[in-house]
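>
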Amino acid sequence: MAVSDNALCPTGRLPAGILNINKPAGLTSHDVVARVRRWTGQRKVGHAGTLDPLATGVLLVCLGPATRLAEYLMAGRKVYRAVVYLGVETDTYDADGVVLRSGPLPDLTLDQIGRALAGFQGAVEQVPPPYSAVRHKGVRLYRLARQGTLLHAAARPVEIEAIQLLAWETPHLTLEVTCSPGTYIRSLAHDLGGALGTGGHVSELTRLASGRWRIDQAITLEQLEAGVQAGDWMRWVQPMHTAVDNLERIDLSEELAGRVVLGQAVRLDLASQPNLVRAHAPGGYLLALLEPADQPGWWHPAKVLGC
């Protein structure tokens, strides 16, 4: 499949879009970004939604001006498959941490586990792990933790839409979790272990979906590297507009596109009055996101996505 022209900057052949990568275990999200940057020669590369080194699965990597749309990619709901190891509690809430407590497991029934899981579904308050990217006075908690200061951030509201119990083979509990962005599956495992009186941590974690992006559509790093060597890797780059295709589309004339690129407001005749629209240049390239200006009927750029 050849890459769509809409996934390329109109001023050249540089990609401006999104790669759906199946992150392997053992790498940080930044490691993946560094490899993509090195292999493809693209200077501006970022990711949307961090995965811990232990985790695998959907990691969205943004190229060029698509890095400015990462917030919209991160806003989609997430689906995870997690293996929770009951009976052992760690400082990181996953298998990469130091064991704090362990003990024999009682004979837990599926009914007991199901009742405990029910308490974590819906709108809940969740405390992020002390090893997390949450900031305390401007410093990431994981940085403080590595310096010997374990802090817990304030509880924050998250939505856990569904928890499906896939398997229970002592001491491993396999779950599929559908949740809002910002939900920590490590915290869910830790809190579940507390509710059961056993302690627990995540031993395996896979992100199955992030918004519309699914793991069965993702490519491996090995595929990407081979594609770069073969010169056809850009077939996997998805156009930028896929990050915001829920927004109303406006197709601009050459004249209006030129004004938007300069950051100028333009007059548009729209039947509705959304808070944000996506404006495409002639040829289909996503040029900007526009928001209403103070004067009715006028719109000004909220983000310009030039190359």
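Numbering (the working numbering), first residue to last: 46 to 352. The beta-carbon is built from N, C-alpha and C at its ideal position, and this holds for glycine as well.
#1: Go through its chain and collect everything with a Cβ distance to Gln318's Cβ below 8 Å, but skip five positions before and after it.
#2: Counting beta carbon pairs with one atom in the stretch 260-280 and one in the stretch 302-314, are three or more of them shorter than 8 Å?
#3: Using the C-alpha atoms, what's the distance from Pro69 back to Thr265?
#4: Which runs of the alpha helix (DSSP H), 4 residues or longer, sit entirely within the stretch 260-292?
#5: Check whether the stretch 92-102 and the stretch 137-145 touch, using three or more Cβ-Cβ pairs below 8 Å as the test.
#6: Whose C-beta lies closer than 6 Å to the C-beta of Pro341 among residues of the same chain, with five residues either side of it excluded?
#7: Does the separation of the CB atoms of Ala240 and Glu221 fall below 9 Å?
#8: When you compare each of Val78, His92, Leu237, Val129 to Leu250 by their alpha carbons, which one comes out closest?
#9: Hey, Leu350 and Ala93: beta-carbon distance below 9 Å or not?
#10: Would you call Glu134 buried or exposed, if buried means 16 or more other Cβ atoms sit within 10 Å of its Cβ?
#11: Under 9 Å, do Leu334 and Ala347 count as touching if we go by C-beta distance?
#12: Taking only the alpha-carbon atoms, compute the straight-line gap between Ala326 and Ala111 and give it to the nearest angstrom.
#13: If you draw a straight line from the alpha carbon of Leu301 to that of Arg83, how long is it in whole angstroms?
#14: Suppose contacts are defined by Cβ-Cβ distances below 9 Å. Is Leu118 in contact with His217 by that definition?
#15: Roughly how many angstroms separate the alpha carbons of Trp343 and Glu299, rounded to a whole number?
#16: Taking all protein chains shown into account, do 16 or more other C-beta atoms lie within 10 angstroms of the C-beta of Leu233, making it buried, or fewer, making it exposed?
#17: Between the Cα of Val247 and the Cα atoms of Leu253, Ser255, Leu237, which residue gives the shortest distance?
#18: Express the C-alpha separation of Leu150 and Leu59 in angstroms, rounding to a whole number.
#19: For Thr243 and Gly148, what's the separation of their Cα atoms in angstroms?
#20: Provide the residue(s) that pair with Pro337 in DSSP beta bridges, ordered along the chain.
#21: Thinking C-beta only, is Ile66 closer than 9 Å to Cys107?
#22: According to DSSP, is Val172 part of a helix, a strand, or is it coil?
#23: Taking the alpha-carbon positions, what's the Ala168 to Arg146 distance?
#24: Cβ atoms of Val124 and Thr223: under 9 Å apart, would you say?
#25: Reducing DSSP to helix, strand and coil, say where Gly109 ends up.
#26: Given a cut-off of 9 Å on the beta-carbon distance, is the pair Arg252 and Leu104 in contact?
#27: Output needed for Leu211: all residues of its chain with C-beta closer than 7 Å, excluding positions within five of it in sequence on either side, in chain order.
#28: Near Arg80, what residues of its chain come up, given a Cβ to Cβ distance below 7 Å and the 5 sequence neighbours on each side ignored?
Taking the structure as given:
#1: Pro337.
#2: No: fewer than three Cβ pairs fall under 8 Å.
#3: Here the alpha carbon of Thr265 sits roughly 8 Å from the alpha carbon of Pro69.
#4: As far as the stretch 260-292 is concerned, its whole alpha helix (DSSP H) runs of at least 4 residues are 266-275.
#5: Cβ pair count under 8 Å is three or more, so yes.
#6: There are no such residues.
#7: It is not a contact, given that the beta carbons lie outside the stated cut-off.
#8: Leu250 has its Cα closest to that of Val129, out of Val78, His92, Leu237, Val129.
#9: Result no, Cβ atoms of Leu350 and Ala93 do not sit closer than 9 Å.
#10: Glu134 is buried by the Cβ-count criterion.
#11: For Leu334 and Ala347, yes; Cβs fall inside 9 Å.
#12: Linking Ala326 to Ala111 through their CA atoms gives a straight-line distance of about 16 Å.
#13: Leu301 and Arg83: Cα-Cα distance of roughly 36 Å.
#14: No.
#15: So the alpha carbons of these two residues sit roughly 17 Å apart.
#16: That one is buried.
#17: When only C-alpha atoms are compared, the closest one is Leu237.
#18: The C-alpha of Leu59 lies about 55 Å from the C-alpha of Leu150.
#19: Cα-Cα distance, rounded: 7 Å.
#20: Paired residue(s): Trp344.
#21: Cys107 is not a Cβ neighbour of Ile66, given a cutoff of 9 Å.
#22: In this structure, DSSP gives Val172 a state outside helix and strand, which the three-state scheme calls coil.
#23: Near 29 Å, if we compare the C-alpha coordinates of Arg146 and Ala168.
#24: Yes. Within cutoff.
#25: Residue state, collapsed to three classes: helix.
#26: Going by C-beta atoms, Arg252 is nearer than 9 Å to Leu104.
#27: The beta carbon of Leu211 sits closer than 7 Å to the beta carbons of Thr219, Leu220, Glu221 from its chain, once the five residues preceding and following it are set aside; these are given in chain order.
#28: Leu266, listed in sequence order.
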